[in-house]
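Visitor:
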Amino acid sequence: MTISFSLAGKAALVTGANTGIGQAIAVALAEAGADVALAGRSEPAETLRMIGATGRKAVSIAADLSTIEPVDRVIDEAVNALGRIDILVNNAGIIRRNDLADFTEEDWDAVVDTNLKSLFFLSQAAARHMAAQGSGKIINIASLLSFQGGVRVPSYAAAKSGVAGVTKAMANELASKGVQVNAIAPGYIQTNNTAALQADETRNRQILERIPTGRWGSPEDIAGAAVFLASPASDYVTGHILAVDGGWLAR
Ligand code: NAP
Numbered sequence: 001m002t003i004s005f006s007l008a009g010k011a012a013l014v015t016g017a018n019t020g021i022g023q024a025i026a027v028a029l030a031e032a033g034a035d036v037a038l039a040g041r042s043e044p045a046e047t048l049r050m051i052g053a054t055g056r057k058a059v060s061i062a063a064d065l066s067t068i069e070p071v072d073r074v075i076d077e078a079v080n081a082l083g084r085i086d087i088l089v090n091n092a093g094i095i096r097r098n099d100l101a102d103f104t105e106e107d108w109d110a111v112v113d114t115n116l117k118s119l120f121f122l123s124q125a126a127a128r129h130m131a132a133q134g135s136g137k138i139i140n141i142a143s144l145l146s147f148q149g150g151v152r153v154p155s156y157a158a159a160k161s162g163v164a165g166v167t168k169a170m171a172n173e174l175a176s177k178g179v180q181v182n183a184i185a186p187g188y189i190q191t192n193n194t195a196a197l198q199a200d201e202t203r204n205r206q207i208l209e210r211i212p213t214g215r216w217g218s219p220e221d222i223a224g225a226a227v228f229l230a231s232p233a234s235d236y237v238t239g240h241i242l243a244v245d246g247g248w249l250a251r
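Here the sequence shown is numbered in the working numbering, starting from 1 and rising by one per residue.
(1) DSSP on S135, reduced to helix/strand/coil?
(2) How would you call D235, buried or exposed, if buried means at least 16 neighbouring beta carbons within 10 angstroms?
(3) Per DSSP, V14 forms a beta bridge with which residues?
(4) Consult DSSP for Q190 and reduce its assignment to one of helix, strand or coil.
(5) Compare the Cα-Cα distances from T19 to each of R251, S218, D113 and G246 and report the closest residue.
(6) According to DSSP, simplified to helix, strand and coil, what is R150?
(7) Whose CA, out of E220, L144, G178 and F5, lies closest to the CA of A250?
(8) Taking DSSP's pairing of strands, which residues face G217 in a bridge?
(9) Are the stretch 90–106 and the stretch 15–34 touching, with three or more C-beta to C-beta distances below 8 Å?
(10) Run through DSSP, which three-state label would L116 get?
(11) Cα separation between S118 and I68?
(12) Mapping the DSSP letters down to three states, classify S268 as helix, strand or coil.
(13) In chain order, what residues of the same chain lie with their CB nearer than 7 Å to the CB of L100, ignoring the 5 residues before and after it?
(14) Cβ atoms of V163 and A183: under 8 Å apart, would you say?
(15) Decide if D35 is buried, meaning its Cβ has at least 16 other Cβ atoms within 10 Å, or exposed.
(16) Which of helix, strand or coil does DSSP assign to S123?
(17) Suppose the cutoff is 7 Å on Cβ atoms and the five residues either side in sequence are ignored; what does the same chain contact list for A223 look like?
(18) Could you compute how far the alpha carbon of D109 sits from the alpha carbon of A157?
(19) Please find out if some non-hydrogen atom of ligand 1 comes closer than 7 Å to the beta-carbon of E19.
(20) What residues in its chain sit with their C-beta under 7 Å from that of D113, if we drop five residues either side in the sequence?
(21) Given a cut-off of 8 Å on the beta-carbon distance, is the pair Q198 and Q206 in contact?
(22) Are at least three pairs of beta-carbons, each pair with one atom in the stretch 228–244 and one in the stretch 38–49, less than 8 Å apart?
(23) Taking the beta strand (DSSP E) that V244 belongs to, which residues open and close that run?
(24) When you compare only the Cα positions, how much space is there between E340 and V244?
Rendered as structure tokens:
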């Protein structure tokens, strides 16, 4: 029996890959053999260079995913540039922090639209191609707040809980078409998204005290799970939310 983690000949699309977790995943997919399209609102110059150094093809697609307006164009451009789409990583996301009493409609809509609504409709557009070719992998970036309520981030908890639900809903419908849909729930990872938490001495200490591994995660800590879920090695895994959290949820 040969278990394959190779992505040779595969075409991937990663959203929000100019920095952080998305960048680490995009580079890891390329190292495993995939050509990669990067969709986001900031030019991913560094990621393009890093993928170029692996010898794989990388293209950039400009798209603001705070609305679903660009989703069909993003998938069309990825397919035109790479010839097909085998892997979609829905990574782009934002967070807004405030006390419940002061939480605004703007902070609700911005997070739910970017983190959940665009994720669903981009997946829908990608799934049309994947179902037609009889194979595909959709990987959603969820969160510990797909399982927990968090502190001062109600729209983020709602959106990421929704990501877990929609991952399972899509997995059920696409399984018979050869498409697997899974999510990764990162723990506390050192990126722009958590800069405020890292800078808050009290919260930083509280967080570290609860992580059995005793350290924040790095974006590269997430990349191995993404390669697994993108590869043939995970063909019998679908509808799963894989925590990569240094043991946080086990505590
Ligand atoms: P990050 O460095 O801030 O990356 C977020 C990415 O999403 C950036 O590329 C950002 O682009 C992009 N993005 C945000 N809004 C967008 C929009 N409207 N259109 C297109 N792209 C947009 O933070 P990160 O931690 O790597 O976050 C990546 C994912 O992991 C997010 O879904 C986040 O919720 C999730 N996550 C992170 C952690 C953690 O501890 N860091 C934990 C659990 C889950 P810009 O650079 O242009 O803003």
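Even glycine gets a Cβ: it sits at the ideal position worked out from N, Cα and C.
What you are looking at is a predicted structure, and each value in this text was computed from that prediction instead of being measured.
Guide: Reading from the atomic positions:
(1) coil
(2) So D235 ends up on the exposed side.
(3) Bridge partners of V14: L38 and V89.
(4) coil
(5) S218
(6) Here the sequence assigns Gly to residue 150, which means Arg is not the residue at that position. Reduced to three states, the DSSP call for G150 is coil.
(7) L144
(8) Secondary-structure assignment with DSSP links G217 through a beta bridge to I189.
(9) Segments in contact, yes.
(10) helix
(11) 5 Å
(12) No answer is possible for residue 268: the residues shown for the chain start at 1 and end at 251.
(13) Excluding its 5 nearest sequence neighbours in each direction, L100 has C-beta neighbours in its own chain below 7 Å: P154, listed in chain order.
(14) A contact, by the Cβ cut-off of 8 Å.
(15) buried
(16) helix
(17) A24, I25 and A28
(18) 13 Å
(19) Note that residue 19 is Thr in the sequence shown, not Glu. Correct: T19 has its Cβ closer than 7 Å to ligand 1.
(20) S66 and T67
(21) no
(22) no
(23) DSSP places V244 inside the beta strand (DSSP E), whose first and last residues are I241 to V244.
(24) What the structure shows of the chain is the stretch from 1 to 251, and residue 340 is not part of that stretch, so it cannot be assessed.
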